[in-house]
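K.L.:
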Amino acid sequence: MIDHLRKQVAYEKIKVNPTFHHHVKGKNSSNINKLKEDTKTLINIPYDNENDVRIEGAPEGVALVEKLFLERVHKVKNEICMDRIIEQRFQQNIIGAKGEKIRKIRDKFNQANITFPKPGLKSEKLTIRGPKTMMCYKYLHHMNDEMNLTNFTVGVSIYE
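Below is the structure:
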């Protein structure tokens, strides 16, 4: 009886740095929920700063989840995250009409994820994340310098 259970149910503990938990889980835990559904396993990621992630289920599912989980952690470890300050008045120029320019930039640097601040925040910080971040950062830096040169404005106060 016990041998039968051991063949049907397995568990594995993986040591993962808690800073990567959020990135591996995905938005609203979508990545983890998809893995759970596809492999019919139970994945316990601690909410506090513990390193142990526990995976339970069928032995094949546990092995697959462990492999995919560690691949995702490795991918997140190798990603670089940089912030670029671009004036808010130029951000719309980078996005372009109906997002055409940003789409071209994202196609050019397909492994870099560019995140703009929400419109209500009035922030000038763009976040660039991914393995090819530096090339995208330099490209955006060049675009920003070019826009600063071509859109130079001087404010003059007129007193009567």
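Numbering (our numbering), first residue to last: 33 to 192.
Note that CB positions come from ideal geometry on N, CA and C, so glycine has one too.
1) Do PHE141 and CYS168 have their beta-carbon atoms positioned less than 7 Å apart in this structure?
2) Can THR200 and ILE112 be called in contact, C-beta distance under 7 Å?
3) May I ask you to list the residues that DSSP assigns as paired with MET114?
4) Do you know whose CA, among ILE46, LEU158, ILE126 and TYR191, lies nearest MET114's CA?
5) Which one or two residues does DSSP pair with ASP84 in a beta bridge?
6) Are the beta-carbon atoms of GLU178 and GLU119 separated by less than 7 Å?
7) Counting along the chain, where does the beta strand (DSSP E) carrying ASN25 start and finish?
8) Between ASN60, GLU98 and LYS59, which lies nearest to LYS47 when the distance is taken from Cα to Cα?
9) Using a Cβ-Cβ cut-off of 6 Å (strictly less than) and excluding sequence neighbours within five positions of GLU88, which residues of its own chain qualify?
10) Do the CB positions of ILE126 and ALA144 come within less than 7 Å of each other?
11) For ILE190, which of helix, strand or coil comes out of DSSP?
12) Residues in the same chain with beta-carbon distance under 8 Å from PRO151, minus the five sequence neighbours each way, listed in chain order, please.
13) Buried or exposed for ASN110, going by 16 or more other Cβ atoms inside 10 Å?
14) Determine the contact status of ASN63 and LYS57, defining contact as a CB-CB distance below 7 Å.
15) I'd like the list of long-range same chain contacts for GLY128, defined as Cβ closer than 7 Å, with 5 residues on each side in sequence excluded.
16) Quick one: give me the first and last residue of the beta strand (DSSP E) that ASN145 is part of.
P.N.:
Reading it off the structure:
1) yes
2) Outside the displayed range of the chain (33 to 192) lies residue 200, so it cannot be described from this structure.
3) ILE160
4) LEU158
5) LYS47
6) no
7) Absent from the structure is residue 25, since the part of the chain shown begins at 33 and ends at 192.
8) GLU98
9) TYR43 and LEU74
10) no
11) coil
12) none
13) exposed
14) yes
15) ILE134
16) 145-147
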